[in-house]
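So the protein lines, in turn, are chains G and L.
206 is the number of the first residue of the first sequence in the numbering used here; add one for each residue after it.
230 is the number of the first residue of the second sequence in the numbering used here; add one for each residue after it.
Idealized CB from N, CA, C, for every residue including glycine.
Owing to the predicted nature of the structure, the values given are computational and were not obtained by experimental measurement.
Take a look at the structure below.
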Amino acid sequence: MTDYEWFAGIQVVILVAIGGFLGANARFGVGLVSPGLSGTFVANVTGSFVLGFVVYEAMYTDYLTDRSRLLVSTGFLSSYTTYSTFAYQTVTVEPLVGLINVAASYSCGFAGVVLGRWVALRIRGGSRE
Amino acid sequence: MSDPVLLVGFGGAIGALGRYTVTTLVEGERFPLSTFLVNVLGSFLLGLVLFADVAESIQLFVGVGACGAFTTFSTFSVDTVRLVEEGHVRTATIYALGNVLVSVTAIGIAWVLVA
Numbered sequence: 206m207t208d209y210e211w212f213a214g215i216q217v218v219i220l221v222a223i224g225g226f227l228g229a230n231a232r233f234g235v236g237l238v239s240p241g242l243s244g245t246f247v248a249n250v251t252g253s254f255v256l257g258f259v260v261y262e263a264m265y266t267d268y269l270t271d272r273s274r275l276l277v278s279t280g281f282l283s284s285y286t287t288y289s290t291f292a293y294q295t296v297t298v299e300p301l302v303g304l305i306n307v308a309a310s311y312s313c314g315f316a317g318v319v320l321g322r323w324v325a326l327r328i329r330g331g332s333r334e
Numbered sequence: 230m231s232d233p234v235l236l237v238g239f240g241g242a243i244g245a246l247g248r249y250t251v252t253t254l255v256e257g258e259r260f261p262l263s264t265f266l267v268n269v270l271g272s273f274l275l276g277l278v279l280f281a282d283v284a285e286s287i288q289l290f291v292g293v294g295a296c297g298a299f300t301t302f303s304t305f306s307v308d309t310v311r312l313v314e315e316g317h318v319r320t321a322t323i324y325a326l327g328n329v330l331v332s333v334t335a336i337g338i339a340w341v342l343v344a
């Protein structure tokens, strides 16, 4: 391994760790404001929207550098959203509420991704004018 | 160390690095296996921590921080939408239902083991 590869590897670790530190705290903060199912729902849907934007932004406009994308998507957004708390809350509430939680989180999460992509496309359209 | 921000934050950093490591090790050309694996493993671990009724600082560090960051809903959503758009509707359905059913089962197993 060359010095450059070693340095690049350390950079990746630091960026993902910083993103994880901040993302987990952002979700924790949302949970304090809105405890229980609703806070997890808000974090998961808003995180899906922003990740949808970032992923498709990479395809359409490429404003973000690889390093900032690693910090924002792999580090921050993937840590800001959570599947474990979502699954745990789903099984520990009444079955009907759990089912509604899954249906609402899935449909709004997927819609968030599609909306994020739409915003990315709009920005591409704007930048070409 | 009892500051919630540090507990959640350092747990989150460890969880994010763990997820990143799994994604670099696990291939998933047709099926997003790495996200499925972290979601199921993280749900199991969260179940163990919460059912075991451990100290609040451990719940924040391991549960909210590490498990919360190790698992991901945003990547799961992007994966599913991408599968649908590429025409793999059946794979997307299996993936979406598989994530929730296997994660919930993993939490059930954690409950049997601990509670």
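Asked, Found
"N- and C-terminal bounds of the alpha helix (DSSP H) containing G340 (chain G)", "Only positions 206 to 334 of chain G appear in the structure, and residue 340 (chain G) is not among them; the question remains open."
"Endpoints, alpha helix (DSSP H) assigned at A222 (chain G)", "D208 to V238"
"Under 7 Å (Cβ pairs) to chain L, residues found in the stretch 269-285 of chain G", "T279, G280, L282, S283 and S284"
"Neighbouring residues, chain G, relative to R248 (chain L) (Cβ below 7 Å)", "S283"
"Min CB distance G314 (chain G) to chain L below 7 Å", "yes"
"Contacts around I287 (chain L), its chain only, beta-carbon distance under 8 Å, and the 5 residues preceding and following it disregarded", "V278"
"Partner residues on chain L for T295 (chain G), Cβ-Cβ distance less than 8 Å", "V329 and V333"
"Whole-angstrom distance between T270 (chain G) and E334 (chain G), CA atom to CA atom", "Note that E334 (chain G) scores a pLDDT of 41, beneath 50, so its modelled location is shaky; the value from the coordinates is reported in the next line. Rounded to the nearest angstrom, the two C-alpha atoms are 23 Å apart."
"Where A309 (chain G) falls, given that 16 or more other Cβ within 10 Å makes a residue buried", "exposed"
"Beta carbon proximity, G257 (chain L) to chain G, threshold 7 Å", "no"
"Within chain G, partners of A345 (chain L) - CB distance below 8 Å", "Because chain L is modelled from 230 through 344, residue 345 (chain L) falls outside the range shown and cannot be assessed."
"Complete beta strand (DSSP E) runs within the stretch 277-323 of chain L (minimum length 3 residues, chain order)", "none"
"Where the alpha helix (DSSP H) containing T279 (chain G) begins and where it ends", "It is not in any alpha helix (DSSP H) - T279 (chain G) carries neither H nor E in the DSSP assignment."
"Closest residue to V250 (chain G) among L:Y324, L:T301 and L:S332 (Cα-Cα distance)", "L:T301"
"Sufficient close CB pairs (3 or more, under 8 Å) joining the stretch 210-224 of chain G to the stretch 256-271 of chain G", "no"
"Nonlocal neighbours in the same chain, by C-beta distance under 8 Å from I223 (chain G), ignoring five residues either side", "L276 and G280"
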